[in-house]
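Heads up: the sequence shown is residues 1 to 98, going by the working numbering. Backbone N, C-alpha and C fix where the C-beta goes; we use that ideal spot for every residue, glycine too.
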Amino acid sequence: MLEKSEWEIVAPHLFNAIQQIQKYRQEHGCSLAVARANGYGQEALRVYEQLTGYRETNADALWHHRVNQFGPRCEACGKPYRTPRAIYCVACGAHRRK
1 MLEKSEWEIV APHLFNAIQQ IQKYRQEHGC SLAVARANGY GQEALRVYEQ LTGYRETNAD
61 ALWHHRVNQF GPRCEACGKP YRTPRAIYCV ACGAHRRK
């Protein structure tokens with residue numbers, strides 16, 4: 001999971017997806033599908049691995065690796081609530097104490 005400051009380092013590498021895909025297609029003369037699978041997000045994945053030590057293989061998954069998307073940890077089981085506004089924990093069913 002990425003803290004806000006870490007996300008600010010990774011995100012710019014995801015935002016220029018169209019340019020990344022176009023460049024890959026030009027360099028390799030391949031289809032859009034192949035370029036999408038191989039050209040998009042490679043730099044973001046490299047930066048993510050440097051920050052976290054974890055080798056993610058799907059650049060789209062990085063959009064969901066942000067801490068601020070989740071709520072605090074459940075008081076009963078310790079797992080994070082699915083959203084900051086969640087009122088119960090999907091892992092254990094406990095209702096959130098405010």
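For residue 70, same chain residues with a beta-carbon under 6 Å away, outside a window of 5 residues either side, are 80 in chain order. Contact between the region 21 to 36 and the region 47 to 59 is absent, with fewer than three C-beta pairs closer than 8 Å.
Distances from the CA of residue 2 to each of 53, 77, 91 were compared; the closest alpha carbon is that of 53. Taken in chain order, the unbroken stretches of alpha helix (DSSP H) that lie wholly in the region 28 to 61 and span 4 residues or more are 32 to 39, 42 to 52.
With respect to residue 47, residue 95 sits apart: the two C-beta atoms are not nearer than 8 Å. With a threshold of 16 other beta carbon atoms within 10 Å, residue 67 falls short and is exposed. In this structure, residue 39 places its C-beta atom within 8 Å of the C-beta atom of residue 24. Under DSSP, residue 88 forms a beta bridge with 95. Residue 72 carries a coil assignment under DSSP once its states are collapsed to helix, strand and coil.
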